[in-house]
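Q:
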Amino acid sequence: MTTLENRPKTALLVIDVQNGTVGEAHARDAVVANVASLVDKARVEQVPVVWVQHNDEGMPRESDSWQIVAELSRGDDEPLVEKTYLDSFEDTTLESVLAGLEVGRLVVAGAQTDACIRSTLHGALVRGYDAILVSDAHTTEDMSEWGAPPPDQVIAHTNLYWRHQTAPGRTGGTVETKDVDFSR
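Note that the sequence shown covers residues 68 to 251 in this note's numbering.
#1: Going by Cα to Cα distance, which pick from ALA109, ARG128, TYR196 and GLY171 is closest to GLU149?
#2: Run through the DSSP bridge pairs and tell me what MET68 is partnered with.
#3: Just verifying my parser: in three-state terms, what is the DSSP assignment at SER155?
#4: By Cβ distance, which residues of its chain are closer than 7 Å to ALA109, with the 5 residues on each side in sequence left out?
#5: Using DSSP with H/G/I as helix, E/B as strand and the rest coil, what is GLY236?
#6: Which residue comes first and which comes last in the beta strand (DSSP E) that contains THR77?
#7: When you compare each of GLU157, ARG172 and LEU192 to VAL247 by their alpha carbons, which one comes out closest?
#8: What separation, rounded to the nearest whole angstrom, lies between the Cα atoms of GLU177 and HIS93?
#9: My output table needs one value for VAL114: the three-state DSSP class, helix, strand or coil.
#10: DSSP three-state label for ALA137, please.
#11: Taking the C-alpha atoms as reference points, what is the distance between SER130 and SER104?
#12: Please tell me whether GLY195 and LEU71 are closer than 8 Å, where the distance is taken between their beta carbons.
#13: On the DSSP bridge assignment, give the partners of GLU208 in chain order.
#14: Just reading off the beta strand (DSSP E) that ALA176 is part of, what are its end residues?
#15: Here's the rule I'm using: 16 or more other beta-carbon atoms within 10 Å means buried, otherwise exposed. How should MET126 be labelled?
#16: What three-state label does DSSP hand ASP107 in the structure shown?
#17: Ordered along the chain, which non-local residues of its own chain (more than five positions away) have a Cβ less than 8 Å from that of ASP143?
#18: DSSP has ALA198 in a bridge; who is on the other side?
#19: Which residues mark the beginning and the end of the beta strand (DSSP E) in which GLU149 is found?
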């Protein structure tokens with residue numbers, strides 16, 4: 068239950084499923100297929116799909132790396148939030164978009180697990196949202212040469228600690244793609 072008043076709706080938040088973020092990602096094709104399945108389900112159920120697209124020096128706007136992957140396509144009526152920080156709420160229009168849609172519960176998928184996914188999940192929870200992570204619909208690239216665990220362990224650890232995440236009046240949690248229930 069969200070702490071945001073008059074925000075009874077759920078939205079699917081698709082974060083950074085772009086060529087530059089998932090090109091070398093762990094289990095890329097399976098994760099992108101799961102995200103596509105979630106997008107299709109949300110559209111059928113008339114649940115808002117909100118797209119987040121990162122841009123910075125390494126992924127400049129309009130470049131190939133900035134583009135959403137070819138397997139996914141944003142509907143003309145689906146909001147696009149551009150960001151430059153890891154947390155999708157930070158210095159973006161995301162909060163106003165969600166307020167306009169009366170959304171207080173987010174179902175989150177995308178990339179990268181150890182950066183934008185984690186930051187946005189925490190950002191959502193502290194701002195009063197319920198934030199559900201789709202456990203098999205997020206990924207990251209291998210950063211082990213810089214001291215990080217292998218990507219499968221990063222993903223598993225994120226799923227583990229988010230599974231029981233709560234705050235006063237708010238819930239986190241995880242769910243597999245096949246079990247996503249947008250109606251709560």
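The beta carbon of each residue, even a glycine, is placed where N, CA and C say it ideally should be.
A: Quick look at the numbers:
#1: Stepping through the sequence shown from its first residue, residue 149 is reached at position 82. Comparing C-alpha distances from GLU149 to each of ALA109, ARG128, TYR196 and GLY171 shows the shortest one belongs to ARG128.
#2: The sequence position of residue 68 within the sequence shown is 1, counting from 1. Answer is none; MET68 lacks a bridge partner.
#3: As a first step, residue 155 is located in the sequence shown; it is residue number 88 there, counting from the start. It is coil, neither helix nor strand.
#4: Reading the sequence shown from its first residue, position 42 is the one you call residue 109. Taking ALA109 as the centre and dropping the five residues before and after it, the same chain places the C-beta of LEU79, VAL116 and PHE249 closer than 7 Å to its C-beta, in chain order.
#5: Sequence index remark: in the sequence shown, residue 236 carries index 169 (1-based). Residue state for GLY236 is assigned as coil, using DSSP reduced to three classes.
#6: Looking up residue 77 in the sequence shown gives position 10. Run containing THR77: 76-82, per the beta strand (DSSP E) assignment.
#7: Residue numbering aside, residue 247 sits at position 180 when the sequence shown is read from its first letter. Among GLU157, ARG172 and LEU192, the Cα nearest to that of VAL247 is on ARG172.
#8: One-based indexing of the sequence shown puts residue 177 at position 110. One-based indexing of the sequence shown puts residue 93 at position 26. Reading the sequence as shown, one finds Gly at residue 177 and not Glu. Distance between the alpha carbons of GLY177 and HIS93 is about 12 Å.
#9: Locating residue 114 in the sequence shown gives position 47, counting from the first residue. Per DSSP, reduced to three states, the secondary structure at VAL114 is coil, with no helix or strand assignment.
#10: Counting from 1 along the sequence shown, the entry for residue 137 is found at position 70. Assignment of ALA137 by DSSP, reduced to helix, strand and coil, places it in the coil class.
#11: Taking the sequence shown and counting its residues from 1, the one referred to as residue 130 is at position 63. Taking the sequence shown and counting its residues from 1, the one referred to as residue 104 is at position 37. The alpha-carbon atoms of SER130 and SER104 are separated by roughly 26 Å.
#12: Taking the sequence shown and counting its residues from 1, one reaches residue 195 at position 128. Taking the sequence shown and counting its residues from 1, one reaches residue 71 at position 4. Taking a C-beta distance under 8 Å as the contact criterion, GLY195 and LEU71 qualify as a contact pair.
#13: Counted from its first residue, the sequence shown places residue 208 at position 141. DSSP links GLU208 through a beta bridge to ALA92.
#14: As a working note, residue 176 is residue 109 in the sequence shown. Secondary structure note for ALA176: its beta strand (DSSP E) is the uninterrupted segment 170-178.
#15: Here residue 126 is taken as the residue at index 59 of the sequence shown, counted from 1. Burial call: buried.
#16: On the sequence shown, position 40 is the one that residue 107 refers to. It is helical.
#17: Position 76 of the sequence shown, counted from the start, is the residue given in the question as residue 143. Excluding residues within five positions, none has a Cβ falling inside 8 Å.
#18: Locating residue 198 in the sequence shown gives position 131, counting from the first residue. DSSP links ALA198 through a beta bridge to LEU173.
#19: As a working note, residue 149 is residue 82 in the sequence shown. Segment 147-150, the beta strand (DSSP E) holding GLU149.
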